[in-house]
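Quick notes on the structure that follows.
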Amino acid sequence: MKLNKKYGFWTVLASTLAGIVGSSIIISFNMVFGLAQANPLLMILAWIFGALIVLPDAFIIIEPSIGYEQSGSGYSWIRKCNWRILAFWFGWVLILFVSATSLSSCCSAMSSMITQILELDSKEIAVETLQKALALFILLFLAGIQIMVKNSSKYTQIFFLFVKTLPIILVFVLPIMYGSKDGLLSNSAINKELGHAYISSAMLIPAITYTGFAYSGHEFPTYITEEIENPKKIVPWVIISAVLIVLVIYVCYGIALLSLATPNEEGIWIVPNGTTSSIFAQHKWAVLTFNIFAIFLFIGSVNSLLFFQSRLIHKLSETGNVHSIFGKVHKKTNQPYMAIGLLACVAIFYILFSSISEIISSFALATSALKILLNSSIIKLRLKDPTYKRIYGNKTFWVLMILSLVTCVLTFVGSVYLMVIIPHQQTGASTFSILWKPILMVVIAFLVYLFGIFKFNNIKIK
């Protein structure tokens, strides 16, 4: 069953911003600051570089998206290359390691904030088990609303975009009340160590990997192109506008939080471990208000992710790479309810068995590999497909493509660093306890590819 054309510019922009803004920076701010060696200038540069590594990808995916006007993003384009096995692999890896990880990270972070508000983390109970159970409830509840409430996605995106601004606005207000700019970016100790930080540490690469995660979702319009009223006009404007708007928000947000952090005697800023609100923990009313606002922010993120990621599964079903049952659309709400259910089931695994940092690392590793395959398909289509509509000149296209491939390598290196080297440095854990999850990812990805070989070559195991 086909999905209707029903989304205009403002709905798509609101959905895209709602999918990007807020949840990622709240999850990753402290991590990025630590990876930037607690240097404010390096942290701000990490957020800027995060946008810069996203922009080439954004420009690249615009061309095939508005040329073909098909939903499904890279999956559809890889199929057009007649790479049936790779398209099958791309779609399933995207579901298993990208879509599901985005969902699970939001639900896990939300449950952590709820337990903090209720002060359950200070009581003698199994907090981790409670947080996981709460995250599961949140995921299933929001998935149910997405399926059962008619036009819930269309009419809630602008509302959630407004709600998402509340914790960010609060962070902008708090520096006016309690913040200090003394030495924030001009402290002599910071500037003295700046060159050393650049040269002696590769930590800025994994920091950028985290900020790259924070910009994920900019590709949202390419997942629902067939449902957009005027994709040739709306898709490029939405993608570029969203990245630039989010860049400004994140940099301002980071500077505001830094003004609330406390430097030590050497002039180095110290950001406490834990959630973002721990930076202004001495102001209890602000922590409570921030966490309440942030919960609504995460609800908006989960709502957006369920909305556009389920469209990929629907597309996989249409093309036969997922069982036809996952292409079913609810008669009353016109929502791909079985696709949403599959996505939720995979996200449940990450909620139960992974920490937030491990989820983000898995996301970064998978997206780096998928982008290389995606870019390869775009190159082939541009060179070989006579129906491909070019919007860039050759020089512009190849400059963008080279930049995109370079950023793929950077984020791949950063994700490996986050998954393997940093856990060893921080915990001193055994090699096996650190490597088994990345190895499991590789094994699962290989088995998916192997299954594709059997499927498309009609090989049967006797």
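Note that UniProt numbering has the sequence shown beginning at 1, numbered continuously upward. For glycine and all other residues, C-beta sits at the position ideal for the given N, C-alpha and C.
What's the call for residue i, buried or exposed, on a 16-neighbour Cβ count within 10 Å?
i: M31; result: buried
i: W92; result: buried
i: C345; result: exposed
i: M441; result: buried
i: N375; result: buried
i: N321; result: buried
i: E227; result: buried
i: E63; result: buried
i: N303; result: buried
i: N82; result: exposed
i: K395; result: exposed
i: T225; result: buried
i: P113; result: Note that residue 113 is Met in the sequence shown here, rather than Pro. Classification for M113: buried.
i: I138; result: buried
i: M148; result: exposed
i: T11; result: buried
i: S361; result: buried
i: K462; result: Confidence at K462 is low in this model, with a pLDDT of 49, below 50, so the placement of that residue should be treated as unreliable; the coordinate-derived value is given next. Exposed, by the Cβ-count rule.
i: W77; result: buried
i: K384; result: exposed
i: I234; result: buried
i: F162; result: exposed
i: L352; result: exposed
i: P167; result: buried
Within the same chain, show all residues whose beta-carbon is closer than 7 Å to that of residue i, passing over the 5 residues directly before and after it, in chain order.
i: F220; result: S15, T16, G19 and F308
i: V413; result: I205
i: Y350; result: A100, T101, S104 and I359
i: I245; result: L17
i: V54; result: G212, Y215, H218 and V243
i: P236; result: I62 and I66
i: residue 470; result: Only positions 1 to 462 of the chain appear in this structure, which leaves residue 470 out of reach.
i: S310; result: P336, A339, I340 and L343
With residue i as the anchor, note down where its alpha helix (DSSP H) starts and where it stops.
i: H314; result: K284 to E318
i: Y75; result: G74 to K80
i: A109; result: A100 to I117
i: M338; result: Y337 to F353
i: S415; result: N394 to V416
i: W89; result: R84 to L94
i: S241; result: P231 to L258
i: S65; result: P40 to Y68
i: F220; result: F220 to Y223
i: V420; result: Neither: V420 is in no alpha helix (DSSP H) and is coded neither H nor E.
i: G8; result: Unbroken run through G8: none, as it is neither H nor E.
i: L139; result: V127 to M148
So, at 6 Å on beta carbons, what are the nonlocal neighbours of residue i in its own chain, with the 5 sequence-adjacent residues on each side left out?
i: F451; result: none
i: I372; result: C408
i: T209; result: A364, T411, G414 and S415
i: P56; result: L400, L403 and S404
i: E318; result: G327
i: F88; result: N321 and G452
i: S111; result: Q131, L134 and A135
Please look up how many angstroms separate the CB atoms of residue i and residue j, rounded, as I've assumed it's under 8 Å.
i: I434; j: V420; result: 6 Å
i: T211; j: A46; result: 5 Å
i: L170; j: F290; result: 5 Å
i: F9; j: V238; result: 7 Å
i: I299; j: A58; result: Not quite, the Cβ-Cβ distance comes to about 26 Å (not below 8 Å), so this is no contact.
i: S368; j: A214; result: With 8 Å as the limit, S368 and A214 do not qualify as a contact, their Cβ atoms being about 15 Å apart.
i: I444; j: V251; result: Not quite, the Cβ-Cβ distance comes to about 37 Å (not below 8 Å), so this is no contact.
i: I313; j: L343; result: 6 Å
i: E69; j: P231; result: 5 Å
i: G67; j: Y388; result: 6 Å
i: F141; j: A256; result: At roughly 32 Å, the Cβ-Cβ gap does not stay under 8 Å, so F141 and A256 are not in contact.
i: C106; j: S301; result: 5 Å
i: I279; j: L306; result: At roughly 30 Å, the Cβ-Cβ gap does not stay under 8 Å, so I279 and L306 are not in contact.
i: L13; j: L370; result: With 8 Å as the limit, L13 and L370 do not qualify as a contact, their Cβ atoms being about 25 Å apart.
i: residue 465; j: F456; result: This structure does not reach residue 465, given that the chain is present from 1 up to 462, and the question cannot be answered.
Keeping to the same chain, check which residues put their C-beta closer than 8 Å to that of residue i; ignore five residues upstream and five downstream.
i: I199; result: Here the model assigns I199 a pLDDT of 46, short of 50, so the residue's position is not dependable and the matter cannot be decided.
i: E128; result: none
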